[in-house]
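Working notes for the structure below.
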Amino acid sequence: MKFEVEGMTCGHCARAITRAIHTLDPDARVDVDLPQGIVTVEGAILVDAAADAITHAGYTVRERGAG
Numbered sequence: 001m002k003f004e005v006e007g008m009t010c011g012h013c014a015r016a017i018t019r020a021i022h023t024l025d026p027d028a029r030v031d032v033d034l035p036q037g038i039v040t041v042e043g044a045i046l047v048d049a050a051a052d053a054i055t056h057a058g059y060t061v062r063e064r065g066a067g
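Quick note on numbering: the sequence shown equals residues 1 to 67 in full-length UniProt numbering.
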C-alpha cells in the first residue's frame, strides 16, 4: 500500500514512520521516499491502521491506497 505523506523532511521522519508501522507489524517492509513524500508499506496491516499509525507519529496522510 502507498501513502502520500506531508511533513517528512529527513531521516528522523523516515525512522519515526518506520517505527510506527513496525509497532503494528514488526516484519513489515517500509520504504520512505522523502523527496516524493511517499511511504510504501508491505505487510499484514490494514490500510486504515497504517494511515493511523503514520498520523499518530505526527505526519499528515494526504492520500492512501492499497496499490
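C-beta: ideal position from N, C-alpha, C; glycine also. Please read all numbers here as calculations on a predicted model, not as lab measurements.
Determine the extent of the beta strand (DSSP E) in which residue i is found, giving its start and end residues.
i, result
"Asp25", "Note, Asp25: premise wrong, no beta strand (DSSP E); not H, not E."
Round the Cβ separation of residue i and residue j to the nearest angstrom and send it over; I've been treating them as touching at under 8 Å.
i, j, result
"Val47", "Met8", "18 Å between Cβ atoms; not a contact."
How is the alpha helix (DSSP H) around residue i delimited, first residue to last?
i, result
"Ile38", "No alpha helix (DSSP H) contains Ile38, which is instead part of the beta strand (DSSP E) from 38-42."
For a test of the three-state rule: what should DSSP assign to residue i, helix, strand or coil?
i, result
"Thr60", "strand"
"Gly7", "coil"
Please classify residue i as buried or exposed, where buried requires at least 16 neighbouring CB atoms within 10 angstroms.
i, result
"Ala44", "exposed"
"Ala57", "buried"
"Ala20", "buried"
"Ala51", "buried"
Name, in chain order, the residues that DSSP records as bridge partners for residue i.
i, result
"Asp31", "Thr40"
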